[in-house]
Structures are given as structure tokens and as C-alpha cells.
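Here the protein sequences line up with chains X and P, keeping their order. All letters in the first sequence, in the order written, are residues 800 to 1021 by my numbering. All letters in the second sequence, in the order written, are residues 800 to 1021 by my numbering. In what follows, a single structure is set out as C-alpha cells and then discussed.
Protein chains: 2
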Amino acid sequence: MPYYRPMSPELKTDRTRVRRQPARGHYGAKEVYAILDEALICHVGFVQDGQPFVIPTIHARLDDTLYVHGSAGSRLIQVAASGAPLCVTATLLDGLVLARSVFNHSMNYRSAVVIGRGRAVADPDEKLRALRAVSEHVVPGRWNDARQPSAKELEATGLAALRIAEASAKVRSGPPEDDEEDLALKVWAGVLPLHLEPGEAVSDPGLAPAIELPSYLKAWRR
Amino acid sequence: MPYYRPMSPELKTDRTRVRRQPARGHYGAKEVYAILDEALICHVGFVQDGQPFVIPTIHARLDDTLYVHGSAGSRLIQVAASGAPLCVTATLLDGLVLARSVFNHSMNYRSAVVIGRGRAVADPDEKLRALRAVSEHVVPGRWNDARQPSAKELEATGLAALRIAEASAKVRSGPPEDDEEDLALKVWAGVLPLHLEPGEAVSDPGLAPAIELPSYLKAWRR
């Protein structure tokens, strides 16, 4: 019972083909984009001296370009911008799946894996567009409210870009799938849904009391 | 304002030294373990033909061993068990940090990065212990309630082990850090806390009505 219906297999290659549970694999841009757009963070994989590193960071998507954000001097951005092979993975956890047997336990999730080679984002106009996309990706409405970056701040911001040309989505949803012979066991089975929930906003200790919580933050949901 | 006080630098090497915002880096086993133990999923990085891959999966820790779970035939487990270099990263997102300037926006998070070489878990006793740890890691109390794995199921379960000897934790917490000259701006600043919340449990459609939700699930929190 896939969460999405598969679309065109445009992002499928032998490197992004889902091998385990192939019915859970999807390769349409729509499915991959939806996961990248909902996830607040991604995990970027890169290789240095044969050793893989996986670093969490913030991203945003504009059309078929995935932007990865960091400090200009960070290893992540330097490697990502160098043209080295990358893997960017975003995962949304939707629930714990409790089967009658330990073996059939699972999780409901949606994950997107994008591979390719990154490039530096050096042009100030593209940098500003990408930074705005990152800001609006995390908190829609914030960009026009906060003080926008100065030229010096733009320079200190690191951004790498990756074209979303080779990717896959993997999705599990729905109830547990127990073996026929386990169905009569007197064990509770089902799904415990999980959701990332915002708590009550905590004002900065130095905030002037007259400044109220903006409506886009009151309405923030994921 | 680090979330934890740094302990002994026992897991620090040049490869795991936090380069950006070094004050956020911690290298004690206690800090690294706490993040691994709270995270429901991790992202495993491995290299194939020079290309990094980052795959989400479930893990558990027993003392200084990190177990990564999957299907026995999966690429992830096959590579992880082969002795190839791995990176296992677990990230907990604690909040959105909204500064008065776009540039100083951030997130509150705790992440742990473990690198090393994996090994296969072949011994059935260790496999059972590790599987129990994975089950109890996700839902404490579930192992003794559900049907435990058969010999055949144990064989189909893939587990790789990684000794936690080279690792780091990176933690950001607390309010935004605005530049002095931005403090008078009329922009709301502060933190929007985020938390993974369980929703109402959804019983399996085939569940006998007499079977009630177990207390360990009613009490489930992260």
C-alpha cells in the first residue's frame, strides 16, 4: 500500500534502484520533491580519504536544484562544492509499526536519496535566491520579516548545489504485515503515529515586550 | 551554552574533531551514547565505487557496540558487515532558532557521528541480544510481549556491528545569538521548540477487539 502512486521513472538509475522491498521505491520527481520539501534537515554523505562522512544540515529545493547550506569554510561545503560525489538523504518518520511478531516490526517513513556531484554557488544572485529558499523552506514568511543578509554575510554563507537527476524515494505506510499464522496471537498490533510538533515559542531573553509572536510562527506546522 | 558538559575526550581523533563551531563539539562516550540512545533512526554512510550512499535505518547500542539493523540481503548490511569504512550519524532536532538577522538563524540539535569499520553479526546468541536491543531501543517492553524470532527469522535478519571508538557529538541549544547592532530591530527572535510526539495508536484492522493497547505503548515517549 504505497503512500504515493509511482510516476514516471525519470530519476531511476541502477545506482538509485530500491533493492529491498522494491514495491516501496518511487522515482518520480513529484515524490522525491515532496519529501525533500517537507524535511527540515537532510544528511549529506561525502568521502574523504576513502572514509564516508554523514553530516546533518539544512537544505532547500528550487525546481530541480537541491541546495545544501553551511558555513563557507566548513568541510561539508568545501567538499560538496568541489564536484566530488555526494549523497543527500532526507527522512520523515511517520510512525512505529508494531506487528505480532518481532520480526515483522517496522517503521512508517518516507525517505528521499539524491546522488550526484555538487557545485559551488558563487554568484551572489543565485546565493541570495538559494538562501531565501532555505529560509522560506524552514519558516515560510520569515525572509521578509528578518533582516536580510549583507554582502559580507552572503560571503560567509556556504552553499552547494546538486541537480536532482538521479534519485529515489522509499515509502512505507499502513498497518503491520503479520504472517498468517501469527494473526490469532493475543498481542496488540498496529501503528503508533509520530509527528514533529512545535512547542510554545520561547522569546529571546533580550526581546522587547512589545514585539509579538508573528502570525507565520503561530501557524507553523510540518 | 552547551547542552552537555564535555567529558573525557576519549572518542576524539583528527577525523572526528568538530571543525565548525568547535565549542559545540563533545567527545565523551556519555554524550555520544545519549544521542544514539534517544534517536529512533540513524543514517548510515558507506562508499560503493567511489560514490557515497546514505541510508536511514534502525540501530541500537549495547555498551560500546553500535548495531545497525536491516535485511540480511540488503546492500546496506552487506557493505556494513564487510569491514568497509562506515559513518553512522544520528540527529535529534530540538528547535528552530530565529534570530533578528537571517544570517544568524540556526537550529537547536544534538547529533552524534560514529566512524569505523563494521563487522557481520553471525553468532545467533549475539544476533538475538542485538535484536532485542533494537526492539527495546524503539519500544521498551515490546520484546517480552511480541512473538520472538524463530531461527529462520533470525537468519533473515541482517545486523552489522561497529565499535564506538571514534566519534563526536555536536550540540546547539539556547536562544539565538544576534549581532549587537541588530538587537534593537523590531523583529521577533527566539526559539520554536520541536518534539517528536506520538499520536493516538491505530489498531491493526484485524485486531481482536478484546486486545487492549499495552501500557508500555500508552506510556511511550521520546
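Every residue, glycine too, gets a C-beta built ideally from N, C-alpha and C. Note that the structure is a prediction, hence the values are computed from the model and not measured.
The secondary-structure analysis by DSSP pairs Lys951(P) with nothing; it has no beta-bridge partner. Secondary structure note for His936(X): its alpha helix (DSSP H) is the uninterrupted segment Pro923 to Val937.
Out of Ala950(X), Arg931(X), Glu954(X) and Ala955(X), the CA that lies nearest to the CA of Asp944(X) is found in Arg931(X). Cβ-Cβ separation between Ala988(P) and Asp977(P): approximately 6 Å, consistent with a contact (criterion under 8 Å). The C-alpha of Tyr832(X) lies about 10 Å from the C-alpha of Ala889(X). Around the beta-carbon of Pro939(P), fewer than 16 other beta-carbon atoms lie within 10 Å, marking it exposed. Of the residues assessed, Ala929(P) falls on the buried side of the cut-off, its CB having 16 or more other CB atoms within 10 angstroms. Exposure of Gly872(P) is indicated by the presence of fewer than 16 other C-beta atoms within 10 angstroms of its C-beta. In terms of Cα proximity to Ala898(X), the closest of Asp981(X), Arg874(X), Glu996(X) and Leu835(X) is Asp981(X). Of the residues Pro1008(P), Ile854(P) and Val817(P), the one whose Cα lies closest to the Cα of Val986(X) is Pro1008(P). Taking a C-beta distance under 8 Å as the contact criterion, Leu953(P) and Pro974(P) do not qualify as a contact pair.
Residue ranges of uninterrupted alpha helix (DSSP H) with 4 or more members, entirely inside the stretch 844–890 of chain X and ordered along the chain, are 874–880.
Counting every other CB atom within 10 Å of its CB across the protein chains shown gives Arg823(X) a total of 16 or more, marking it as buried.
Residue contact check for Ser873(P) against chain X: a CB pair falls below 8 Å.
Burial state of Arg1020(P) is exposed, judged by a 10 Å Cβ sphere holding fewer than 16 other Cβ atoms. A distance below 6 Å between beta-carbons, with the five flanking residues on each side excluded, links Ala959(X) to the following residues of its chain, in chain order: Val867, Ile876, Ala879, Ala880 and Gly917. Counting along the chain, Val831(P) sits inside the alpha helix (DSSP H) bounded by residues Ala828 to Glu837.
When beta bridges are read from the DSSP output, Tyr908(P) appears opposite Leu892(P) and Arg971(P). Judged by DSSP secondary structure, Leu1016(P) falls within the alpha helix (DSSP H) whose first and last residues are Ser1014 to Lys1017. DSSP places Ala822(X) in the helix class (H, G or I) of the three-state scheme.
Between Ala911(X) and the set Lys969(X), Phe902(X) and Leu961(X), the nearest pair of CA atoms involves Lys969(X). Only those residues of the stretch 895–918 of chain X whose C-beta falls short of 8 Å from the nearest C-beta of chain P are listed: Leu895, Leu897, Ala898, Arg899, Ser900, Val901, Phe902, His904, Met906, Tyr908, Ser910, Val912 and Ile914.
Closer than 8 Å to the CB of His858(P) there is not a single CB belonging to chain X. Going by beta carbons, Arg946(X) and Val901(P) fall inside the 8 Å limit.
Proximity of Ser972(X) to chain P, defined by a Cβ-Cβ separation below 8 Å, is not satisfied. Around the beta carbon of Ala838(X), 16 or more other beta carbons sit within 10 angstroms, so the residue counts as buried. Of the candidates Glu999(P), Ala966(P), Leu991(P) and Leu1016(P), the residue whose Cα lies closest to the Cα of Ile854(X) is Ala966(P).
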